[in-house]
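As structure tokens, the structure follows; a few thoughts come after it.
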Amino acid sequence: MAFQQPLPKSVPPAMSRYNFKETEQKWQSHWSEHKCFEVNIDPAKEKYYVLEMFPYPSGRIHMGHVRNYALGDLVARYKKAQGFNVLHPMGWDAFGLPAENAAIENNVHPAKWTRENIATMRGQLKSMGLSYDWSREIATCEPAYYAHEQKMFLDFLQNDLVYRKESWVNWDPVENTVLANEQVIDGRGWRSGAEVEKRQLSQWFLKITAFAEELLQDIAELERWPDKVRLMQENWIGRSEGAHIRFQVSDRSDQLEVYTTRPDTIFGASFCAVAANHPISQELARTNAELALFISECNRMGTSEAAIETAEKKGFDTGLTCKHPFVEGLELPLYVANFVLMDYGSGAIFGCPAHDQRDLDFARKYDLPVIAVVAPKGAEADSILIENTATTGDGVLINSDFLDGLDVKTAKTRVIDVFEERNIGKRAINFRLRDWGVSRQRYWGCPIPVVHCGDCGIVPVPEEQLPVVLPEDVDLSVVGNPLDRHPSWKHVDCPACGKAALRETDTFDTFFESSWYFARFADPANADKGFSPESADYWLPVDQYIGGIEHAVLHLLYSRFFTRALKQCGYLSLKEPFAGLMTQGMVCHATFRDERGNWLLPDDVIIDDNGSSRTSAGTIVTIGRSEKMSKSKKNVVDPEFIIGSYGADTARLFMLSDSPPDRDLDWTDSGVEGAWRYLNRLWRMISEPSVALAVLDTARPEAMDGHVFDVYRTVHKTISGLTEDLDRFHFNKAVARIRELSNTLETLQPEQAGADWVMRFGLETLICLIAPMTPHIAEEAWQRLGHDSILANTPWPKADQALVLDDMQTIGVQVNGKLRGTIELPVDCPRDIAEQQALELPNVISAMDGKPARKVIVVPNRIVNVVI
RNA sequence: GCCCAGGUGGCGGAAUUGGUAGACGCGCAGGCUUCAGGUGCCUGUGGCCGCAAGGUCGUGGAAGUUCGAGUCUUCUCCUGGGCACCA
0 MAFQQPLPKS
10 VPPAMSRYNF
20 KETEQKWQSH
30 WSEHKCFEVN
40 IDPAKEKYYV
50 LEMFPYPSGR
60 IHMGHVRNYA
70 LGDLVARYKK
80 AQGFNVLHPM
90 GWDAFGLPAE
100 NAAIENNVHP
110 AKWTRENIAT
120 MRGQLKSMGL
130 SYDWSREIAT
140 CEPAYYAHEQ
150 KMFLDFLQND
160 LVYRKESWVN
170 WDPVENTVLA
180 NEQVIDGRGW
190 RSGAEVEKRQ
200 LSQWFLKITA
210 FAEELLQDIA
220 ELERWPDKVR
230 LMQENWIGRS
240 EGAHIRFQVS
250 DRSDQLEVYT
260 TRPDTIFGAS
270 FCAVAANHPI
280 SQELARTNAE
290 LALFISECNR
300 MGTSEAAIET
310 AEKKGFDTGL
320 TCKHPFVEGL
330 ELPLYVANFV
340 LMDYGSGAIF
350 GCPAHDQRDL
360 DFARKYDLPV
370 IAVVAPKGAE
380 ADSILIENTA
390 TTGDGVLINS
400 DFLDGLDVKT
410 AKTRVIDVFE
420 ERNIGKRAIN
430 FRLRDWGVSR
440 QRYWGCPIPV
450 VHCGDCGIVP
460 VPEEQLPVVL
470 PEDVDLSVVG
480 NPLDRHPSWK
490 HVDCPACGKA
500 ALRETDTFDT
510 FFESSWYFAR
520 FADPANADKG
530 FSPESADYWL
540 PVDQYIGGIE
550 HAVLHLLYSR
560 FFTRALKQCG
570 YLSLKEPFAG
580 LMTQGMVCHA
590 TFRDERGNWL
600 LPDDVIIDDN
610 GSSRTSAGTI
620 VTIGRSEKMS
630 KSKKNVVDPE
640 FIIGSYGADT
650 ARLFMLSDSP
660 PDRDLDWTDS
670 GVEGAWRYLN
680 RLWRMISEPS
690 VALAVLDTAR
700 PEAMDGHVFD
710 VYRTVHKTIS
720 GLTEDLDRFH
730 FNKAVARIRE
740 LSNTLETLQP
750 EQAGADWVMR
760 FGLETLICLI
770 APMTPHIAEE
780 AWQRLGHDSI
790 LANTPWPKAD
800 QALVLDDMQT
810 IGVQVNGKLR
820 GTIELPVDCP
830 RDIAEQQALE
840 LPNVISAMDG
850 KPARKVIVVP
860 NRIVNVVI
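Structural data, given as structure tokens:
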């Protein structure tokens, strides 16, 4: 998609094409010099905090960033025009795994790699003309940032929000390192290819579960969040009500505690099962090699819910049995089963095959009894036959002793009451949510500020010794954790007793940094603390947060938790960090493959006029469906190239015009061309208007041609409609309205009375309305129209409501629900007049075919429907 | 397996509460401008029938509610997304 911009010297300046390169640079410098977007606390003004999810500095910006920041900038500039004191900052989520990978692959230090990437990407973002307050820029890998989160961690520790426990990790025995799930491919390390082991390590956890109920309840308050995200958070937290029940294990002194959400099905129990990592399994495995083998098999299986749910249900009969709590003499065999999760509930279940599909699959495989205890409503108790589908719906209890005849809900309550009376179980609420493991055995992250002392145990690093700075003189060419291998860094004196001790060599999960960065932006230069209470009180919460749906759960939930934890530690006075959330869809592009099936870059593909495609070398190209832009499929378009060839305004306009923000967007060359052509058209309308413009600041003329007045009304309607579109995030509709207004303005004729004035008014309004989307061309046009003010500081246009509402309107007339014509009626026209006019329409008369109207439905200002 | 979202012209998408389906753009066709290509401008553009007026079908599929359904209900098919160490 080569594009040259011809600028022939012979053409006079007014006729020249819009010069985006010069213009975009000019206004970017201008805004920067005039500190247009730098803001301070101003109690007299209402604040508005717009935040886009800050990027990981991976090297170069991609189209997803362009979309995200075009959306955010539109909101920020629009709110500024509406008079808000707008905080719109940008920074870098700068710790993370890719820096370490790059270090190993390219022999470059993660710090250097990261800082260079930031410099590149900052330049790219600046070329987009985004209204950031760059004076607030932060990078989370700098001690000036992470020092404060080390302090926060220590405060969490003091407030009992942190603890240590053993937890399982993916261990790569060749690289001597812990792997992320995504680094485990088919059970092997992605780089080493070694078979991954499960290992238990002692790790730091944050008590997010302490807030589980609150985090769940408060979702209801997040009114300006997408329902989809709220639902995902709800499901993630996964509150369930049920019971813990203790089963006596035969021939042993201990009891097995199970968690169940279906205590009502207790009389249908036919086995018990524990997780592979359950203490009982572990204990038995020590003397049972076969069981140990089964457990290691379970450990090799993926830990994801999807993997567990879809895997074949397998179990190992321990030979032990559990006594049924109610049925004297009934012994339930105890299995170790691969579908029981140690992390959920108590890591043990009782199986009721008739009413749980997993249990049924298991029972069929091991030939266990299947006893129906719930009869669906209306079904005959003795006609129930469970084959291969468990019934999980409501019904009436059968075969269940004292529960017989009760519905499921009542039976649950009753049976738990009995458990509690007999002291063998109790009511329990369980959450799927687990505590947040924040330890990472990685180098490029924030050091966890504690010291391990042989005598004193775990000792927090004293506040005056913070920050614990990540050493930069590390060797990444050797396997294992560089912090652990560093010759001196971890060796310190115990802060408590002064004896030789060791630093914690784990670093924080990078979600730690992103859980509070929004607050740091309120007070980014504060050296004493993360942010002052005053700055937080003024700027927080974020009024509009914008980012990818991929963060719908973890990042957003961690931030919500972090905010509560900070509140508990006295940092903040609010619970919810993000009052409004908008999640954007992905940027997609068609995919191309050559004859051998190799992916091709869009740049390597030539589409001929007849629609056929080939490579530049002439070989055949297959065009595949549009998919999310990704390096692996090569269906990427480099934003820098687009900005260089068409300008930032074109790229931004296209990002906003073709799809609503929350849906996926197809990047197409023709769409970009369309945006580019429109900007040139707009430029022509300004520089060579079809109707000479009235002089700046002249009063509205009293005499106006009828058509001119209609156009004038359209301008007001556009202001009103577009403002509403922006408030509802219907940005693609807003762009459509801009184009409609352009079309309408071009219908003005020079000889019509008032046309010169309405043309100026219309163009100035158009420029103001498009400014948040394409700010550079708008500023230039504003200047060209004779203004010496900065458009970015200019108030948003106001519509005259009297002109927005029409006094006449077109109403559809139907006969038996089919449209047969339209009538022009005054607004709020009486029913009988509407009916009369409708019945007089020739088309209506012919459609009625001489039959009388049985009924005429008149919906005022909407429709008339004649029923015959 | 479970949960969620979405299916509207050749394409991206419009259509506040059920009330004129297809705004706006892309593409395409014809014309004008131009030495020519591109740009620009004008006109047309859901399918089918028709010279036209107009008719008829039409929002993944099937059924239902309603004077009236893209919109509500039920079933169904397809596509995409999420399901705990990428960020």
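0 is the number of the first residue of the first sequence in numbering that gives the first Met the number 0; add one for each residue after it.
Even glycine gets a Cβ: it sits at the ideal position worked out from N, Cα and C.
Asked: Less than 8 Å between the CB atoms is what I'm expecting for residue 270 and residue 325, so what's the real figure, rounded?; Found: The Cβ separation is near 16 Å, so there is no contact.
Asked: Whole alpha helix (DSSP H) runs in the stretch 605-658 with 4 or more residues, listed along the chain?; Found: 638-645, 647-656
Asked: Could you pull the DSSP bridge partners for residue 267 from this structure?; Found: Answer is none; residue 267 lacks a bridge partner.
Asked: Using the Cα positions of residue 107 and residue 101, report the straight-line distance between them to the nearest angstrom.; Found: 7 Å
Asked: I'd like to confirm the pairing. Which residues does DSSP put opposite residue 91 in its beta bridges?; Found: 138
Asked: Thinking just about the alpha-carbon of each residue, which of 834, 838, 386, 486 is nearest to the one in residue 502?; Found: 486
Asked: Which residue comes first and which comes last in the beta strand (DSSP E) that contains residue 821?; Found: 817-825
Asked: Please report how far the alpha carbon of residue 888 lies from the alpha carbon of residue 483, in whole angstroms.; Found: Nothing about residue 888 can be read from this structure; the chain reaches only from 0 to 867.
Asked: With a floor of 3 residues, list each beta strand (DSSP E) that falls wholly inside the stretch 488-512, ordered by position along the chain.; Found: 490-492, 499-502
Asked: Pull the bridge partners of residue 581 from the DSSP assignment, please.; Found: 545
Asked: From residue 66 to residue 522, what distance separates their C-alpha atoms?; Found: 27 Å
Asked: Go through the stretch 407-487 residue by residue and report every complete run of the alpha helix (DSSP H) that reaches 4 residues or more, in order.; Found: 407-420, 481-484
Asked: Quick one, which of 295, 361, 225, 323 has its alpha-carbon nearest residue 254's?; Found: 323
Asked: Just mark residue 496 as buried or exposed, buried being the case when its beta carbon has 16 or more other beta carbons within 10 Å.; Found: exposed
Asked: Might you give, ordered along the chain, the residues of its own chain that have their beta carbon closer than 8 Å to the beta carbon of residue 851, omitting 5 neighbours on each side?; Found: 867
Asked: Would you tell me roughly how many angstroms separate the C-alpha atoms of residue 713 and residue 704, rounded to the nearest one?; Found: 14 Å
Asked: Should residue 41 go down as buried or exposed, given a rule of 16 or more other Cβ atoms within 10 Å for buried?; Found: exposed
Asked: How many Å lie between residue 541 and residue 481 at the Cα?; Found: 37 Å
Asked: If I measure Cβ to Cβ from residue 781 and keep anything under 7 Å in the same chain, skipping five residues before and after, which residues do I get?; Found: 766, 790
Asked: Across which residues does DSSP place residue 375 in a beta bridge pair?; Found: 394
Asked: So residue 164 and residue 204 are in contact, right, with Cβ under 8 Å, and what is the actual spacing, rounded?; Found: 6 Å
Asked: Give me, in chain order, the residues of the same chain whose beta-carbon lies closer than 6 Å to that of residue 834; leave out the 5 immediate sequence neighbours on both sides.; Found: 855, 857
Asked: List the endpoints of the continuous alpha helix (DSSP H) containing residue 240.; Found: Looking at the DSSP string, residue 240 is not in any alpha helix (DSSP H); the run it does join, the beta strand (DSSP E), is 238-247.
Asked: Rank 113, 79, 84 by C-alpha distance to the C-alpha of residue 91 and give the top, closest one.; Found: 113
Asked: Just the C-alpha distance for residue 240 and residue 415, rounded to the nearest angstrom, thanks.; Found: 11 Å
Asked: Between the stretch 138-152 and the stretch 401-417, do three or more beta carbon pairs fall short of 8 Å?; Found: no
Asked: Just grab the DSSP bridge partners of residue 667 for me.; Found: Its beta-bridge partners do not exist; DSSP assigns none.
Asked: Nearest CA to the CA of residue 651: which residue from 156, 773, 743?; Found: 773
Asked: Skipping 5 residues on each side, what residues in its chain have a beta carbon closer than 8 Å to that of residue 658?; Found: 584, 664, 665, 731
Asked: What are the complete beta strand (DSSP E) segments, minimum 3 residues, inside the stretch 307-377?; Found: 314-322, 330-336, 347-350, 373-375
Asked: Taking residue 552 as the reference, give the member of 682, 464, 314, 232 with the closest Cα.; Found: 232
Asked: Measuring only the C-alpha atoms, how far is residue 14 from residue 778?; Found: Bear in mind that the predicted position of residue 14 carries a pLDDT of just 42, short of 50, making it too unreliable to give a figure here.
Asked: Can you pull the DSSP bridge partners for residue 198?; Found: 168
Asked: For residue 669, is the classification buried or exposed, using 16 other Cβ atoms within 10 angstroms of its Cβ as the cut-off for buried?; Found: exposed
Asked: Decide if the stretch 594-607 is in contact with the stretch 173-189; the criterion is three or more beta carbon pairs, one per stretch, under 8 Å apart.; Found: no
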